[in-house]
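Everything below concerns the one structure shown next.
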Amino acid sequence: MARLSASILTADFRRLGDQVREALQAGVDWLHVDVMDGHFVPNITIGPLVPAALRPVVDEFSRAKIDVHLMIENPERYLQDFAGAGADLITVHVETCRHLHRVVQMIHDLDVQAGVCLNPATPAVALQEILPDVDLVLVMSVNPGFGRQSFIAGSTEKVARLRRMLDDIGSNAWLSVDGGVKPHNAAEIVGAGADVLVAGSAIFNKEVSVVEAVAALRGALARD
Ligand code: DX5
Ligand code: ZN
């Protein structure tokens, strides 16, 4: 069964702790924290204070992980802060790292699992050499910067390509997909080989409760 990582970007920040507990109680596996700096992406969001504040809530659920997605320039400057804030996984963009291998090593030296992420226009082969060293590959299926965008269609093929690349080297790394994931496309993305789905507005929105939203995603996966 694919894991669900709930992006808090569209959650109600006035009651973030409650929203996160609700999502984890509803069966979400991980919590996805979108960190944006106003440079690599046009938006500014969350610093290490937020995962640090949520860590005790996440600890109420033994399976849960804090999955930090750094959409920032020079991510190496902030790895220690996010590790200290309780991140289980830190994912950096290949487009922001001149020395990606070194950054992955730095994350591992902090005893945190390391992920690498690709923008929609960055080819899968950009990860070829680093794949044996990573714990997670994150495929952006929207241009990073905002929640509530539409899934870019070609992303499913890219997921399939990365699945083959990971299988070819016998890697157990998670293959995660981020952006525009909804009940109507979840099964297709998992069918292409993803084993983690990041979902923001599909889980935290004004239309349905978090419990209903998680059930809809799980239901879509179960029907496949
Ligand atoms: C986009 C972020 C995503 C996004 C997910 O830059 O990395 O995690 O907020 O939100 P939805 O699921 O609404 O596309
Ligand atoms: Zn993200």
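Residues 410 to 633 (the working numbering) make up the sequence shown, in order.
Yeah, the Cβ is synthetic: ideal placement off N, Cα and C, and Gly gets one too.
Within a Cβ cutoff of 6 Å, which residues of the same chain sit near residue i, ignoring the five residues on either side of it in sequence?
| i | result |
| --- | --- |
| E431 | V619 |
| D587 | L547, M549 and V607 |
| C506 | V512 |
| G556 | L418, T419, G609 and S610 |
| F560 | S550, G589 and N594 |
| V477 | V442, F491, A496 and I499 |
Here's the rule: buried if 16 or more other CB atoms are within 10 angstroms of the residue's CB, otherwise exposed. What is residue i?
| i | result |
| --- | --- |
| N594 | buried |
| G447 | exposed |
| Q434 | exposed |
| G426 | exposed |
| D544 | buried |
| L634 | Here the chain covers residues 410 to 633 and nothing more, so residue 634 does not appear. |
| I453 | exposed |
| K567 | buried |
| V617 | exposed |
| S471 | exposed |
| A603 | buried |
| F491 | buried |
| P460 | buried |
| F422 | exposed |
Give me the Cβ distance between residue i and residue j, rounded to the nearest whole Å; I'm assuming they're in contact under 8 Å.
| i | j | result |
| --- | --- | --- |
| L547 | G524 | 5 Å |
| V623 | G436 | 5 Å |
| V501 | P484 | 4 Å |
| A535 | V503 | 5 Å |
| P592 | L626 | 6 Å |
| A596 | L630 | 6 Å |
| G493 | P457 | 7 Å |
Excluding five sequence neighbours on each side, which residues of the same chain lie with their C-beta closer than 8 Å to the C-beta of residue i?
| i | result |
| --- | --- |
| V429 | A415, I417, A420, L440, L463, V466 and V467 |
| L540 | V546, M574, L575, I578, S580 and A582 |
| Q558 | V551, N552, G588 and G589 |
| E482 | D446, H448, F449 and T505 |
Under 7 Å Cβ to Cβ from residue i, same chain only, skipping five residues before and after it: list those, please.
| i | result |
| --- | --- |
| L488 | I499, M515, I516 and L519 |
| K391 | The requested residue 391 does not occur in the structure, where the chain is confined to residues 410 to 633. |
| A411 | V599, A603, D604, V605, L606 and L630 |
By DSSP's criteria, residue i is part of a beta bridge. Which residues make up the other side?
| i | result |
| --- | --- |
| G524 | T500 and L545 |
| R423 | None; R423 has no bridge partner. |
| R573 | Beta-bridge pairing links R573 to no other residue. |
| M480 | M445 |
| L383 | Residue 383 lies beyond the range of the chain shown here (410 to 633); nothing can be said about it. |
| S416 | H441 |
| V605 | R412 and S585 |
| K474 | W439 |
| I453 | D446 |
Under 8 Å between C-beta atoms, does residue i make it to chain C?
| i | result |
| --- | --- |
| T454 | Among the protein chains of the structure shown there is no chain C, as only one such chain exists. |
At least 3 beta-carbon pairs within less than 8 Å: the region 433-446 vs the region 414-424: Enough Cβ pairs lie closer than 8 Å, so yes.
Segment contact, 8 Å Cβ cut-off, at least three pairs: the region 490-500 with the region 465-477: Yes, they touch.
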